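Q:
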Amino acid sequence: MPQQTQAAYYTEFGGIDKINVGPLDLPEVGEGEVLLRVKAAGINPVDYIVREGHFQAVVPNAFPAVPGWDVAGVVEKCGHGASRFAEGAEVYGYVRRPVVQHGTFAERLVVPECYLAARPEKLTWEEAGGLPLAGLTAYQSVITAGQLKASETVLILGASGGVGGTAIQLAKNVGATVIAVASAGSAAHMKELGADFTIDYKAGPVGEAVKKVAPDGVDLLFDAVSGDTLTQSLGALKPNGRLISVLNDGKALNLGPGVRFQHVMAQPSVPDLDHLRDLADAGKLQVPVAQTFALADVKKAFEQIETKHTTGKVVIVP
Ligand SMILES: NC(=O)c1ccc[n+]([C@@H]2O[C@H](COP(=O)([O-])OP(=O)(O)OC[C@H]3O[C@@H](n4cnc5c(N)ncnc54)[C@H](OP(=O)(O)O)[C@@H]3O)[C@@H](O)[C@H]2O)c1
1 MPQQTQAAYY TEFGGIDKIN VGPLDLPEVG EGEVLLRVKA AGINPVDYIV REGHFQAVVP
61 NAFPAVPGWD VAGVVEKCGH GASRFAEGAE VYGYVRRPVV QHGTFAERLV VPECYLAARP
121 EKLTWEEAGG LPLAGLTAYQ SVITAGQLKA SETVLILGAS GGVGGTAIQL AKNVGATVIA
181 VASAGSAAHM KELGADFTID YKAGPVGEAV KKVAPDGVDL LFDAVSGDTL TQSLGALKPN
241 GRLISVLNDG KALNLGPGVR FQHVMAQPSV PDLDHLRDLA DAGKLQVPVA QTFALADVKK
301 AFEQIETKHT TGKVVIVP
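Residue 132 in the UniProt record's numbering sits at position 132 of the sequence shown, with consecutive numbering throughout.
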């Protein structure tokens, strides 16, 4: 008899009503894999985009599909050749596998160990479970692709969310000046994370507000929102500035010839997870957890992330 786990799952694409919570068979712990006891799993906007069937060209689903790519947990068993972690090791990871099927919104999970790193010791389980996808996205955007430097100014759109809030902190660690854009209600949160200036996107054209605090323009524009807020902000980018977007492909933006554009899609990376862990353990990276939900309340977690106005991270605690 296969072992089973409680899990959130759906058997067809659609809305929140398609989600069930119940027992599912666990696969055998295969070569290079470990069995994890899930302690916390962050929920991200991509989880509902995938569930609605909008991301199949990038990641197909196999049903029943357990959603969730963020995880922090304890290794319970190691498969053949899985030697990086001992049983009992505390790990975290961004488990974006080639097919959405065995996701992290479950009590237990069989996963290739190549997705996992030792978890930050100074973070709670909830914080560690909320870090991987948002943290990797921000790091790979602002630091790896964006090459942000101490003398520079960065404009972050969507700066109160999971990605943008991490981006503020990474940018401040570099020593850059940070202009953070979200609603007025998130201003104190963004300041707490290190933002030098905050702008309310509902208060008027964002680019004009940016020009008041950075008259020469910004060196790097990090877009985690797109839409009107991005369009309004383009005029605040220096003519030879860099634009990194995690949403936009840049084609319809009419960028000046000197602007360097790059779309970033977060990639699983153990070295980057190691780096984020070291920052967190050095007290240089917080993970503000807005809300936690039991696995049985996973629909409520989806409802919150689908508002598109979460300040901090939403985390499922199975
Ligand atoms: N390409 C990739 O690999 C990748 C990876 C991760 C995320 N993403 C995408 O990046 C986006 C952000 O992800 P997330 O996890 O940070 O989402 P999130 O935690 O839900 O945060 C979204 C934030 O955006 C703010 N916001 C909403 N409308 C805004 C606007 N017009 N201008 C400025 N800020 C606005 C909200 O702040 P207020 O409540 O204050 O309005 C909210 O805090 C999502 O669309 C997600 O799909 C892409």
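Glycine is no exception: its CB is placed at the ideal position from the N, C-alpha and C atoms. Values in this document were obtained by computation on a predicted structure and should not be read as measured data.
With a threshold of 7 Å, establish whether the CB of Leu-247 neighbours any heavy atom of ligand 1.
A: Here residue 247 refers to the residue found at position 247 of the sequence shown. Yes, ligand 1 has a heavy atom inside 7 Å of this Cβ.
Q: Within the 8 Å Cβ cut-off, does Gln-101 reach chain C?
A: Here chain C cannot be found, since the structure has a single protein chain.
Q: Between which two residues does the beta strand (DSSP E) harbouring His-102 extend?
A: Locating residue 102 in the sequence shown gives position 102, counting from the first residue. Boundaries of the beta strand (DSSP E) harbouring His-102: 100-102, taken from the DSSP string.
Q: What residue does the alpha helix (DSSP H) around Pro-132 start on, and which one ends it?
A: Taking the first residue of the sequence shown as position 1, residue 132 is located at position 132. Segment 132-138, the alpha helix (DSSP H) holding Pro-132.
Q: Quick one: does the C-beta of Pro-98 sit closer than 7 Å to a heavy atom of ligand 1?
A: By one-based count along the sequence shown, residue 98 stands at place 98. In this structure, Pro-98 has its CB at a distance of at least 7 Å from all heavy atoms of ligand 1.
Q: Thinking C-alpha only, which one of Pro-215, Gly-175, Leu-155 is nearest Asp-200?
A: Against the sequence shown, residue 200 aligns to sequence position 200. It is Leu-155.
Q: Phe-63: buried (16+ other C-beta within 10 angstroms of its C-beta) or exposed?
A: Residue numbering aside, residue 63 sits at position 63 when the sequence shown is read from its first letter. Note on Phe-63: under 16 other CB atoms within 10 angstroms of its CB, so exposed under the neighbour-count rule.
Q: Between Asn-44, Thr-124, Val-178, Glu-126, which lies nearest to Thr-137 when the distance is taken from Cα to Cα?
A: Translated into the one-based positions of the sequence shown, residue 137 becomes position 137. Cα-wise, what sits closest to Thr-137 is Asn-44.
Q: So if DSSP puts Ser-245 in a beta bridge, which residue, or which two residues, is it bridged to?
A: Within the sequence shown, the letter at position 245 stands for residue 245. DSSP output for Ser-245 lists Asp-223, His-263 as bridge partner(s).
Q: On the CB-based measure, 16 or more other CB atoms within 10 Å of its CB, does Gln-56 come out buried or exposed?
A: Along the sequence shown, read from residue 1 onward, the residue named residue 56 stands at position 56. Per the 10 Å Cβ criterion, exposed.
Q: Which residues does DSSP pair with Asn-20 in a beta bridge?
A: In the sequence shown, the residue the question calls residue 20 occupies position 20. Asn-20 pairs with Tyr-9.
Q: Per DSSP, Arg-108 forms a beta bridge with which residues?
A: By 1-based counting over the sequence shown, the position of residue 108 is 108. The bridge partners DSSP lists for Arg-108 are Arg-37.
Q: What is the C-beta distance between Ala-188 and Gly-158, in whole angstroms, given that I count them as a contact (C-beta under 8 Å)?
A: Along the sequence shown, one-based indexing puts residue 188 at 188. Along the sequence shown, one-based indexing puts residue 158 at 158. The pair is not a contact, with the Cβ atoms about 17 Å apart (cut-off 8 Å).
Q: Going straight from the alpha carbon of Lys-202 to that of Gly-217, what length do you get?
A: Start at 1 with the first residue of the sequence shown, and residue 202 comes out as number 202. Start at 1 with the first residue of the sequence shown, and residue 217 comes out as number 217. Roughly 21 Å separates the two Cα atoms.
Q: Should Thr-104 be labelled buried (16 or more other beta-carbon atoms within 10 Å of its own) or exposed?
A: Along the sequence shown, read from residue 1 onward, the residue named residue 104 stands at position 104. Its Cβ being crowded by 16 or more others within 10 Å, Thr-104 is buried.
Q: Let's see if you can read the secondary structure: which residues bound the alpha helix (DSSP H) around Gly-162?
A: Looking up residue 162 in the sequence shown gives position 162. Per DSSP, Gly-162 belongs to the alpha helix (DSSP H) from 162-174.
Q: Assuming Glu-52 and Val-74 are in contact, meaning their beta carbons sit under 8 Å apart, how far apart are those beta carbons, in whole angstroms?
A: Reading the sequence shown from its first residue, position 52 is the one you call residue 52. Reading the sequence shown from its first residue, position 74 is the one you call residue 74. So it is not a contact: roughly 32 Å between Cβ atoms.
Q: Within 8 Å, do at least three Cβ pairs link the region 276-283 to the region 106-123?
A: yes
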